[in-house]
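Engineer: Okay, so the sequence shown: first residue is 1147 according to the numbering used here, each after it adds one.
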Amino acid sequence: MSLAMTKEERETFLADVHVGVISIDQPGRGPLSAPIWYGYDPGGEVWIVTGKESRKGKLLSGTKRFSLVAQQEAMPYKYVSVEGPITSLDDTQDNEATRILAHRYLGKELGDQYVEGSPGEQNILVRMKPERWLTVDYAKMLAT
1147 MSLAMTKEER ETFLADVHVG VISIDQPGRG PLSAPIWYGY DPGGEVWIVT
1197 GKESRKGKLL SGTKRFSLVA QQEAMPYKYV SVEGPITSLD DTQDNEATRI
1247 LAHRYLGKEL GDQYVEGSPG EQNILVRMKP ERWLTVDYAK MLAT
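1. Any chance you could list the alpha helix (DSSP H) runs of at least 4 consecutive residues sitting entirely within the region 1204–1284, in chain order?
2. Quick one: measure Cβ to Cβ for residue 1272 and residue 1214, integer angstroms, because I've assumed they're closer than 8 Å.
3. Let me know if residue 1202 comes out buried or exposed under the rule of 16 or more other beta-carbons within 10 Å of its beta-carbon.
4. Helix, strand or coil for residue 1160, going by three-state DSSP, please let me know.
5. So the candidates are 1217, 1280, 1289, 1172; which of them puts its Cα closest to the Cα of residue 1152?
6. With H, G and I counted as helix, E and B as strand and the rest as coil, what does DSSP make of residue 1288?
7. Please determine, among 1255, 1234, 1260, 1229, the residue with the shortest C-alpha to C-alpha distance to residue 1244.
8. Would you kindly report the start and end of the unbroken beta strand (DSSP E) that includes residue 1181?
9. Counting C-beta neighbours from all protein chains within 10 Å, is the total for residue 1284 16 or more, i.e. buried, or is it exposed?
10. Identify the residues that DSSP records as bridge partners of residue 1196: which are they?
11. Output the distance between the C-alpha atoms of residue 1178 and residue 1204, rounded to the nearest integer angstrom.
12. Excluding the 5 residues preceding and the 5 following residue 1164 in the sequence, name in chain order all residues of the same chain whose CB lies nearer than 6 Å to its CB.
13. Applying the 10 Å Cβ sphere with the 16-neighbour rule, what's the burial state of residue 1254?
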């Protein structure tokens, strides 16, 4: 019995709201892994916004790929891990992408407060094309 998700299952899961964990190569060290908000629509690209001068931002600016994991921490446990090339990395002072993520994770009111509380930050919007997927859905064990 396979616990792997189908293409539709994995894309639907990744599109749901989960705090992701991004992993970015660091020369001479293990990869940086850190929690991050992300956006994804089935069939599309994974995208994130981070501070340009943050550790994540600096590493993303100097690499070509990253990985992201999203998980369900309550039973039945599930996860989707996706890895692929960066398709675009754009400087942005426009808060629209940040606002979309803040609304996704905090709701409209708290999301707006979050964005208004961090004015003037120089961010980058990074998009990644999913190429490799790893998935597990332990609910499939319970279904038998």
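Glycine included, C-beta positions come from ideal geometry on N, C-alpha and C.
Structural biologist: Short version:
1. 1242–1252, 1254–1262
2. Position 126 of the sequence shown holds residue 1272. Position 68 of the sequence shown holds residue 1214. The Cβ separation is near 11 Å, so there is no contact.
3. Start at 1 with the first residue of the sequence shown, and residue 1202 comes out as number 56. Per the 10 Å Cβ criterion, buried.
4. Start at 1 with the first residue of the sequence shown, and residue 1160 comes out as number 14. The answer is helix: DSSP assigns residue 1160 an H, G or I state.
5. Walking along the sequence shown from the start, residue 1152 turns up at place 6. Nearest option by C-alpha distance: 1280.
6. Numbered from 1 along the sequence shown, position 142 holds the residue referred to as residue 1288. Three-state result, residue 1288: helix.
7. Here residue 1244 refers to the residue found at position 98 of the sequence shown. When each option's Cα is compared against that of residue 1244, the closest is 1260.
8. Residue 1181 sits at position 35 when you count from the first residue of the sequence shown. Residue 1181 -> beta strand (DSSP E) spans 1178–1182.
9. Looking up residue 1284 in the sequence shown gives position 138. Label assigned to residue 1284: exposed.
10. As a working mapping, residue 1196 is identified with position 50 in the sequence shown. According to DSSP, residue 1196 bridges with 1270.
11. By one-based count along the sequence shown, residue 1178 stands at place 32. By one-based count along the sequence shown, residue 1204 stands at place 58. Cα to Cα, residue 1178 sits roughly 11 Å from residue 1204.
12. Numbered from 1 along the sequence shown, position 18 holds the residue referred to as residue 1164. Excluding positions up to five away in sequence, the list reads 1216.
13. The residue given as residue 1254 occupies position 108 in the sequence shown. So residue 1254 counts as exposed.
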